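**Q** Before anything else, here's the structure in question.
Number of protein chains: 2
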Amino acid sequence: MATAAKVEPQRVDRFEERRRELADAALVTLSELGYARTSLREIAQNSAFSHGVLHYYFRDKVDLITYCVRQYKAACVLRYDRIVATARTPEGLAQGFADGLVATLVEDARMHRLWYDLRSQALFEESFRADVLDIDATLERMIDRIVGRYGELRDRPAPAPSAMTYALFDGLFQQALLRHFAGSPTAADDLRARVLGLLDRLFPP
Amino acid sequence: MATAAKVEPQRVDRFEERRRELADAALVTLSELGYARTSLREIAQNSAFSHGVLHYYFRDKVDLITYCVRQYKAACVLRYDRIVATARTPEGLAQGFADGLVATLVEDARMHRLWYDLRSQALFEESFRADVLDIDATLERMIDRIVGRYGELRDRPAPAPSAMTYALFDGLFQQALLRHFAGSPTAADDLRARVLGLLDRLFPP
DNA sequence: AGTGGACCTTGACGACTGTCAAGGACTTCC
DNA sequence: GGAAGTCCTTGACAGTCGTCAAGGTCCACT
């Protein structure tokens, strides 16, 4: 039908747009309170709508949070691929990578504590596990692109499986995040130094 | 008084003993359900007592969980210090360390997912932060003793700040834990290989 | 024997949760 | 202009939560 072809996609777009809008609001609340203490009413209160609307756009709470996690992923990887694309020397890439992590630590601290919270939840609730593993794999590939490119610039092969490299950098970042929230003033600088140090160790002279 | 000197310590002991007993039961439930879904009634149901008794021995829920976290710490470090004490060669220490981590991964998986859960909570709730940081420091020192001893056996100085070494091994372990719960059959073997690989990189030839 | 205190259970409270049905407001189309 | 459908609000539901007070039971001591 002529009308269906015109109306349908528009409706879907508006529907999807609202979902994204609500998920954005939910992410703000979630990153503020954490998974355990975030209620649907609290999410709605930090949005322009009332609590009932959440069940109009999402099947249930798990559906909403799963959608949020997916949305979070999309915004997560963008920063670093630009660094990879623009770097011309290994030193420049290393600096850009370390600075990027530090910037993430400072600017997106709340969002990342939510990520670690949800990843911990995935250890208990199976409903989150698939999405969490998917995001984790995306982050792993991102780290792998950076480390791989760094190796290229220094004419070296990949030093270790990507899962291992990812785990190492993730460990550094997570510790820095904890220290950051604990009020340590050196958390950011320590992170930068350790990221550069780890890169050195992965590609010894 | 003669009676006070005899009765007081006994009462304190019984009181402390019950607290430990209840904390043990709480840890079982917590490691099963995670922080977000564990209620005081559920804890009591998995113990020999009713839910009201928890407020006889603990001020409130935070007091209980804080006590649990402290108790968890004590049991946490024992395994590895024995490994350090008995190892005579660097290869033996490395093997013992890697095997110990793998054993922890398999046997104490539930307990350790609780640890990561609570550490994530500490990023949100300030009431947990002090205890979590304390446990984290204890684990860091444990890793430092292992790596330091390994360096001794190979006549090398410490390769990095203990906080960095701890973060790296913790990253490896946490990834292995996620894979373990996701059902990956190679999680344990991968962890072993990566721990040994990381030790090698920390002390390059 | 009986009294005081430690220990534990029971039941209730107000608050909060996810979920959903009923219905109003508003737009779109015939 | 009225009908249909979209979008959102409101209010209620059945549970569950942490907390606490009232009151038991049991033991030790006088």
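Residue numbers (my numbering), protein chains in the order written: chain A, 1009 to 1213; chain G, 1009 to 1213. By construction, the Cβ of each residue, glycine as well, lies at the ideal position given by its N, Cα and C atoms. All values reported here derive from a predicted model rather than from experimental measurement.
Closer than 7 Å, CB to CB, is A/Ala-1010 near chain G or not?
**A** The pLDDT assigned to A/Ala-1010 is 34, lower than 50, so where the model puts this residue is not dependable, and the model offers no usable value.
**Q** Would a check of beta-carbon distances place A/Asp-1178 closer than 7 Å to chain G?
**A** Closer than 7 Å to some Cβ of chain G, the Cβ of A/Asp-1178 qualifies, so yes.
**Q** So within the region 1115-1188 of chain A, which uninterrupted beta strand (DSSP E) runs reach at least 3 residues, ignoring any that extend past its ends?
**A** None, since the region 1115-1188 of chain A contains no complete beta strand (DSSP E) of that length.
**Q** For A/Ile-1154, which residues of its own chain have a beta-carbon under 8 Å away from its beta-carbon, when the five flanking residues on both sides are left out?
**A** If we look at A/Ile-1154 and ignore the five residues flanking it on each side, its Cβ neighbours are Tyr-1088, Ile-1091, Val-1092, Leu-1101, Phe-1105.
**Q** Kindly list the residues whose CB is nearer than 6 Å to the CB of A/Tyr-1174, restricted to its own chain and excluding five residues on each side of it in sequence; keep chain order.
**A** Cβ neighbours of A/Tyr-1174 beyond the five flanking positions: Glu-1148, Ile-1151.
**Q** Tell me, to the nearest whole angstrom, how far the beta carbon of A/Leu-1185 is from that of A/Arg-1121; I am working on the premise that it is less than 8 Å.
**A** Between A/Arg-1121 and A/Leu-1185 the Cβ distance is about 6 Å, and since that is below 8 Å, they are a contact.
**Q** Return yes when the Cβ of A/Tyr-1065 is within less than 7 Å of the Cβ of A/Asp-1125, no when it is not.
**A** No, the pair does not count as a contact, with Cβ atoms beyond the cut-off.
**Q** How long is the line joining the alpha carbons of A/Asp-1107 and A/Arg-1187, rounded to whole angstroms?
**A** Going by the C-alpha atoms only, they are around 17 Å apart.
**Q** Give a yes or no on whether the C-beta atoms belonging to A/Arg-1157 and A/Ser-1039 are separated by under 7 Å.
**A** Not closer than 7 Å, so no.
**Q** When Cβ atoms are compared, which residues of the region 1035-1049 of chain A fall closer than 8 Å to chain G?
**A** Listed by position along the chain: Leu-1041, Gly-1042, Tyr-1043, Ala-1044, Arg-1045.
**Q** For G/Phe-1132, collect the residues of the same chain with a Cβ closer than 7 Å to its Cβ; drop the 5 residues on either side in sequence, then sort them by chain order.
**A** Result list for G/Phe-1132: empty, nothing under 7 Å.
**Q** Between the region 1129-1144 of chain G and the region 1074-1089 of chain G, can you find at least three pairs of beta-carbon atoms closer than 8 Å?
**A** In short, these stretches touch, since the Cβ pair count reaches three.
**Q** Where does A/Gly-1179 land, buried or exposed, given buried means 16+ other C-beta within 10 angstroms?
**A** Buried is the call here.
**Q** Output the distance between the C-alpha atoms of A/Glu-1024 and G/Pro-1098, rounded to the nearest integer angstrom.
**A** So the two alpha carbons sit approximately 58 Å from each other.
**Q** Quick check: the Cα distance between G/Ser-1058 and G/Asp-1032, rounded to an integer number of angstroms?
**A** In a straight line, the C-alpha of G/Ser-1058 is about 15 Å away from that of G/Asp-1032.
**Q** Starting from G/Arg-1090, trace the alpha helix (DSSP H) both ways and give me its first and last residue.
**A** Looking at the DSSP string, the run of the alpha helix (DSSP H) that includes G/Arg-1090 is 1086-1094.
**Q** Using the beta-carbon of each residue, which ones in chain G are nearer than 7 Å to A/Tyr-1158?
**A** Within 7 Å Cβ-Cβ: nothing; A/Tyr-1158 doesn't reach chain G, min ~15 Å.
**Q** Drop a sphere of 10 angstroms on the beta-carbon of A/Ala-1013, count the other beta-carbons inside from all chains shown, and report buried for 16 or more, exposed for fewer.
**A** Note that A/Ala-1013 has pLDDT 36, beneath the 50 cutoff, so the model's placement of it is unreliable and the number below is only indicative. Exposed: under 16 other Cβ atoms inside 10 Å.
**Q** Answer yes or no: do G/Glu-1050 and G/Thr-1037 have a C-beta to C-beta separation smaller than 7 Å?
**A** In this structure, G/Thr-1037 lies closer than 7 Å to G/Glu-1050 by Cβ.
**Q** Any C-beta of chain G sitting closer than 7 Å to the C-beta of A/Arg-1027?
**A** Not closer than 7 Å to any Cβ of chain G, the Cβ of A/Arg-1027 fails to qualify, so no.
**Q** Determine whether the beta carbon atoms of G/Ala-1196 and G/Leu-1113 lie at a separation below 7 Å.
**A** Yes. Within cutoff.
**Q** Can you name, in chain order, every residue of its own chain whose Cβ lies under 7 Å from the Cβ of A/Val-1234, other than the five neighbours on each side?
**A** Outside the modelled stretch of chain A, which goes from 1009 to 1213, sits residue 1234 of chain A, for which no answer is possible.
**Q** Under 9 Å between beta-carbons, which chain A residues line up against G/Pro-1212? List them in chain order, please.
**A** What G/Pro-1212 touches in chain A: Arg-1209, Pro-1212.
**Q** According to the neighbour-count rule (16 or more other Cβ atoms, all chains shown, within 10 Å of its Cβ), is A/Asp-1198 buried or exposed?
**A** That one is buried.
**Q** Mind pulling the chain A residues with CB within less than 8 Å of G/Leu-1147?
**A** Per Cβ cutoff of 8 Å: no residues; G/Leu-1147 is ~11 Å from chain A at best.
**Q** What's the C-alpha gap between G/Phe-1189 and A/Ala-1130?
**A** The straight-line gap from Cα to Cα measures roughly 9 Å.
**Q** Please work out which residues of its chain come closer than 7 Å, Cβ to Cβ, to A/Pro-1165, disregarding the five sequence neighbours upstream and downstream, and give them in chain order.
**A** Only Gly-1159 meet the Cβ criterion.
**Q** Could you tell me whether any non-hydrogen atom of the ligand PLP is closer than 6 Å to the CB of A/Leu-1030?
**A** Looking for the ligand PLP in the displayed structure turns up nothing, as the structure carries no ligands at all.
**Q** Taking 7 Å as the CB-CB limit, is A/Asp-1152 close to chain G?
**A** It does not: the Cβ of A/Asp-1152 has no partner Cβ on chain G nearer than 7 Å.
**Q** So which residues of chain G does A/Tyr-1124 contact, with C-beta pairs closer than 9 Å?
**A** In chain order: Tyr-1124, Arg-1127, Ser-1128, Leu-1131.
**Q** Please decide whether G/Leu-1141 counts as near chain A, where near means a Cβ-Cβ distance under 7 Å.
**A** Yes, contact with chain A.
**Q** Please report the straight-line C-alpha distance between G/Ala-1083 and G/Asp-1116, rounded to a whole angstrom.
**A** Their backbone Cα atoms lie some 11 Å apart in a straight line.
**Q** How would you list, in chain order, the residues of chain G whose beta-carbon sits under 7 Å from the beta-carbon of A/Ala-1189?
**A** In the sequence on display, residue 1189 of chain A carries Phe and not Ala. Under the 7 Å cutoff, chain G gives Leu-1131.
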